[in-house]
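Numbering (my numbering), first residue to last: 673 to 1073.
By construction, the Cβ of each residue, glycine as well, lies at the ideal position given by its N, Cα and C atoms.
Here the structure is a predicted model, which is why all the values come from computation and not from measurement.
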Ligand SMILES: Cc1cc2nc3c(=O)[nH]c(=O)nc-3n(C[C@H](O)[C@H](O)[C@H](O)COP(=O)(O)OP(=O)(O)OC[C@H]3O[C@@H](n4cnc5c(N)ncnc54)[C@H](O)[C@@H]3O)c2cc1C
Ligand code: SF4
């Protein structure tokens, strides 16, 4: 039998590869999706609601960081060490890639962000609408010019200390500072009438993996939808090792990959989409000397840069517990910085992601000794609520790298 030639081979099933698979399979193309990892089972391979003690000894011996099974168990944390200082941001080898551990924050670029692009926000806006409908995004309609509103399901309210932060921002705004404090927008459905995935139950485990598949991932939405078209062939536990070119080295003919049995195999395609994450995609293009007529492949990479600033609220000392359920830790956003007064050397913006609440992992005091009511009183007094602000902004890597 003649070997099948796929219209498109897509390597990598994260947010990039997942959506490409969905769109191309729906357009009628025969698609091969090649993914290094396997399909993880929500609630089994990762489960934020599991009994921590049942597996504690086994997990400690295996060197895992968390007490219950998490998608982060499958991440390759040393992926970046060769090129940078962020070993925490490696690949997550599984069907869905890092969409399994992402927090779901889904913000639109605004008109200001498109200033130097050849396309405008107005041209892209209808595609944001389509993406938000597919993903199921909650958010508030805040009416901000450079963080446009979208097709949102009902928002998740701020937690108690976040309300204090908002009050502080309002005071600064009254003094003329340009900034906004709003709730996050996340690809997590909150409307039970929306039937594509389960509605969130606000357990806050999103970055450990959502065990009810409420949070959008490539593995729970675009890939199953593509599967239904009959146009998708899935190759999991298959790692691309080489891009195969024609004799003239002008056109891609297929790829070689290593399958789960450790055997080398190949597949043929007319078009290749590399979606192996930023660093891996650039690495394969450079290794194969492809698509680099600009000389830019692998340069000017932007890290997912973050810096935590922690604030403690003494006024929350001894307070009654509040309902701090919600979607993971980072829950609100300080934005609008630099929108009205850009720095001459930096016309972009920083978002400051804010999280707060009585999550035991994030309390201000850890390892307090004691027991009983005296212990409870001490805990209530010392565990004043804290807010963590994580700045995220673009960072240019040294041009010499
Ligand atoms: C903890 C965390 C939280 C985040 N939260 C957010 C957020 O809230 N909002 C947001 O916008 N972004 C967030 N991000 C960033 C976001 O997850 C990434 O930008 C996004 O996943 C990148 O998508 P990708 O498809 O390019 O790559 P990836 O998601 O990394 O997927 C690449 C896939 O390719 C596979 N692969 C690689 N090499 C090969 C090979 N040779 N052969 C076969 N398969 C291969 C990998 O196994 C992987 O599945 C977060 C990231 C992390 C780590
Ligand atoms: S908070 Fe919602 S989306 Fe996040 S893990 Fe829990 S159920 Fe899933």
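Boundaries cannot be given for residue 935, as no beta strand (DSSP E) includes it and DSSP labels it neither H nor E.
Of the heavy atoms belonging to ligand 1, none sits nearer than 6 Å to the Cβ of residue 804. Taking the Cα positions, residue 864 is about 8 Å away from residue 870. In the DSSP secondary-structure assignment, residue 858 is bridged to 777, 810. Shown here for residue 820: same chain residues with a beta carbon closer than 6 Å to its own, the five before and five after excluded, namely 780, 782 in chain order.
Between ligand 2 and residue 771, a heavy atom-to-CB distance of less than 6 Å is absent. Rounded to whole angstroms, residue 992 and residue 1053 show a C-alpha spacing of 10 Å.
Put simply, the segment 929–938 touches the segment 908–915. At least three CB pairs are less than 8 Å apart. For the pair residue 959 and residue 710, the Cα-to-Cα distance works out to about 25 Å. Sequence-distant partners of residue 717 (beyond 5 residues in either direction) whose C-beta falls short of 7 Å from its own C-beta, in its chain, are 741.
For residue 948, the shortest separation between its Cβ and any heavy atom of ligand 1 lies below 6 Å.
For the set 858, 890, 843, the Cα lying nearest the Cα of residue 852 is the one of 843. Closest by C-alpha distance to residue 935, out of 953, 794, 909, 680, is 909. Rounded to whole angstroms, residue 764 and residue 838 show a C-alpha spacing of 35 Å.
Within the segment 870–956, the runs of beta strand (DSSP E) that reach at least 3 residues and sit entirely inside it are, in chain order, 904–907, 911–917, 924–930, 936–946.
Residue 1041 counts as exposed, since fewer than 16 other beta carbons sit within 10 angstroms of its beta carbon. Annotation: residue 693 to residue 902 spans about 12 Å, alpha carbon to alpha carbon.
In this structure the segment 822–831 touches the segment 793–810; the number of beta carbon pairs closer than 8 Å is three or more. Residue environment: residue 702 is assigned as buried (16 or more neighbouring CB atoms within 10 Å of its CB, all protein chains considered).
When DSSP reads this structure, residue 1027 sits in a beta bridge with 1002, 1060. By the CB criterion at 7 Å, residue 687 and residue 890 fall inside the cutoff. The bridge partners DSSP lists for residue 677 are 940. Not a single heavy atom of ligand 2 lies less than 6 Å from the C-beta of residue 1004. As computed with DSSP, residue 1050 is found in no beta bridge at all. Within the same chain, and ignoring the five residues on either side of residue 1013 in sequence, the residues whose Cβ sits closer than 8 Å to its Cβ are 850. Taking 6 Å as the cut-off, one finds at least one heavy atom of ligand 2 near enough to the beta carbon of residue 887. Taking a contact as a CB-CB distance under 8 Å, the pair residue 800 and residue 822 counts as one, their CB atoms being some 6 Å apart.
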